[in-house]
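Here the structure comes first, spelled out in structure tokens, and everything after it is commentary.
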Amino acid sequence: MAYLEKKTSLLAFICMFSLLVGCGTNERSIEYSVGGNDNMTSILNVMKVGNVMRFKLSLTNETDEKVFLQFPSGQQFEIIVKDQSSNVVYKYSEGKMFTMAIVTREMAPGETLVWEDEWNEAVPGTYVITGELQIISVNGESVDRNQFITKKTINWEK
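Its first residue numbered 1, the sequence shown is counted upward by one per residue in full-length UniProt numbering.
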């Protein structure tokens with residue numbers, strides 16, 4: 001019986017590992033100076049969990065100071081998935097309503113903020129996934145919103 005339990009555990013581990021193969025991370029260092037040469041790093045992670053495409057967008061404050069981020073509304077991020085023909089097949093914000101008030105978030109030194117979403121209608125194919133943080137200012141200074149965009153191309157298989 002112990003042999004069967006070990007074999008089952010090994011099989012479960014192999015299945016979990018294989019789900020992550022082909023999916024990965026796109027990392028982008030955002031060169032926003034906050035009192036030095038430090039920066040913030042944005043990462044878009046796309047994972048396969050069963051037939052679900054799971055997105056994880058994160059931002060890490062790699063400075064030694066607090067950072068204050070401002071968002072134009074309650075929508076702090078956007079995920080857009082395009083197919084091989086550049087058609088938008090999924091958009092996080094579609095059909096959702098967000099508060100229309102400026103939102104401020106504080107990040108401690110070394111802190112990572114995480115936003116997550118998932119899409120369960122993916123069919124096999126190649127997709128371009130864009131993760132956008134909707135940040136309009138850092139420490140009260142306006143920023144170029146394009147610097148908070150991370151893209152990743154994946155091949156999705158069932």
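We put the CB at the ideal spot given by N, CA and C, even for glycine. Small disclaimer: the values here were computed from a predicted structure and weren't measured.
Inter-segment contact for the region 124 to 136 and the region 69 to 85 is present: three or more beta-carbon pairs are separated by less than 8 Å. In the three-state reduction of the DSSP assignment, Gln70 falls in the strand class. Taking 8 Å as the cut-off, the beta carbon of Thr150 is found no closer than this to the beta carbon of Val128. Three or more Cβ pairs drawn from the region 108 to 117 and the region 52 to 63 lie within less than 8 Å of each other, which places the two stretches in contact. Under the rule that a run must span 3 or more residues, the beta strand (DSSP E) segments found entirely inside the region 76 to 104 read 77 to 82 and 88 to 91. If you draw a 10 Å sphere on the C-beta of Met40, you find 16 or more other C-beta atoms in it, and that means buried.
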